[in-house]
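J.:
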Amino acid sequence: MKNNLNVHFQQSEAWQKFQESLGRTVFHESGQGWEYRAILEKARFGLNRLYCPYGPTANSQQALNDALTSLEKLALTQDAAYIRIQPLGNHFTSHDIEALGARAIEYSQPAHTWCIDTSRSEDEIVANMKQNNRNLYRTYEKKGMAYEKSYDPADITRLTTLLHQVAQHNQITVHPDSYFKQQAAALLPIHAASLHFITYENNTVAAALVYEDEHTHYYGHAAADHEHRKLGASTALLAKIIVDTHLHGKRTCDLYGITTSDDPTHKWAGFTRFKKSFGGYAQDLSETYEYPIRKYRYTAYRLLRQLRRTLPRI
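Each residue of the sequence shown is one higher than the one before, starting from 722 at the first, in this note's numbering.
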């Protein structure tokens, strides 16, 4: 059934193709006012689950109920112990979703994002940036920097090289190179994603992977060279990406995840301030919920998961 629903990129056909290129099974179903793509995943302790990243998409409470009914039937055929969902498409409260039998969990997938309205003129878009950002956008070439955009999968190494530098400097982990190379191979040739770079003295000093759909560009993964941080390459790059979104006739540049916490020590506080410095507005997405199918197995799974968090070793 054809729906005129505005689905998130992670519920798109392009994302399905990427997931399938990783060898995963993805199910696509739709009905009156609802649609979902669900990935069959292997959870901890040998359980199967169905995961709908930023889905199902539903335009009413009844549509969401119908989508969950469909997911429950599908889960039973796949011996899935539970379903993980992030419903979008309507303003669903936690009460709305928990009333259907789901429960909220802590999960790193952002529940809030920061968006730029790129349907306005370029002058309006730039004028809403903070002064430092405007200045860098207007003068980055005078500082010896250059901007590039690429749909060549081979260029993904320019991003992964910087990601490794950031991971080492900040003592964090990132996806393996194979994950990014598979994204590039699946998404760049069909223009469902693009790579953006700032170069300086023939070196890539900032890079970003941007997802693209009909209406929106999503600022996905990004990294910059720490040694050249005073150039402001990350700021110049994101400003160019936002304007590029406008130039390609898209109405929104989604900067992909912020915290709503006022705590200045929150681990997302820094990049939240960075994203907000380009103007724009907050957009609520969805918390992550789990919907049990095999209730005894799911209950045991939750207990084991809690034990793993509280004990150094089971």
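Just so it is clear, CB atoms sit at the ideal spot from N, CA and C, and this is done for glycine as well.
Excluding the 5 residues flanking D817 on each side, which residues of the same chain have their C-beta closer than 8 Å to its C-beta?
T.: Contacts found: Q782, L785.
J.: If the criterion is Cβ atoms closer than 8 Å, does the pair I1014 and L809 meet it?
T.: Contact flag unset, no.
J.: Which word fits Q889, buried or exposed, when buried means at least 16 other C-beta atoms lie within 10 angstroms of its C-beta?
T.: Burial call: exposed.
J.: Alpha carbon to alpha carbon, what distance is there between L883 and G754?
T.: Those two C-alpha atoms are separated by around 42 Å.
J.: So, with DSSP's three-state summary, where would you put D984?
T.: Of the three classes helix, strand and coil, the one that applies to D984 here is coil, per DSSP.
J.: With DSSP as the reference, label Q740 as helix, strand or coil.
T.: In this structure, Q740 counts as helix in the three-state DSSP scheme.
J.: How many Å lie between E922 and E948 at the Cα?
T.: Those two C-alpha atoms are separated by around 13 Å.
J.: Could you please give me the residues that DSSP links to G752 through a beta bridge?
T.: The partner list for G752 (beta bridge, DSSP) reads W755.
J.: Hey, out of H938, P774, A945, Y939, whose CA is closest to A928's CA?
T.: When each option's Cα is compared against that of A928, the closest is A945.
J.: Please report the Cβ distance between Y775 and Q740, rounded to the nearest whole angstrom; I am assuming they are in contact, meaning their Cβ atoms lie under 8 Å.
T.: About 13 Å; that fails the 8 Å criterion.
J.: Return the first residue and the last residue of the beta strand (DSSP E) that I919 is part of.
T.: Taken as a continuous stretch (DSSP letters only), the beta strand (DSSP E) holding I919 covers 914 to 921.
J.: When DSSP builds the beta bridges, which residues end up paired with M866?
T.: In the DSSP output, where bridge partners are listed per residue, M866 has Y921.
J.: If you follow the alpha helix (DSSP H) that Q889 is in, where does it begin and where does it stop?
T.: Residues 877 to 891.
J.: For A801, list the residues DSSP reports as bridge partners.
T.: According to DSSP, A801 bridges with N769.
J.: Which partner residues of P1013 appear in the DSSP bridge assignment?
T.: Answer by DSSP bridge pairing, in chain order: Y803.
J.: Using only CA atoms, which one of T966, T839, T881 lies nearest to V926?
T.: Nearest of T966, T839, T881 to V926, Cα basis: T881.
J.: Just checking, does the region 1019 to 1030 make contact with the region 848 to 860 on the three C-beta pairs under 8 Å criterion?
T.: Output reads no: the region 848 to 860 does not touch the region 1019 to 1030.
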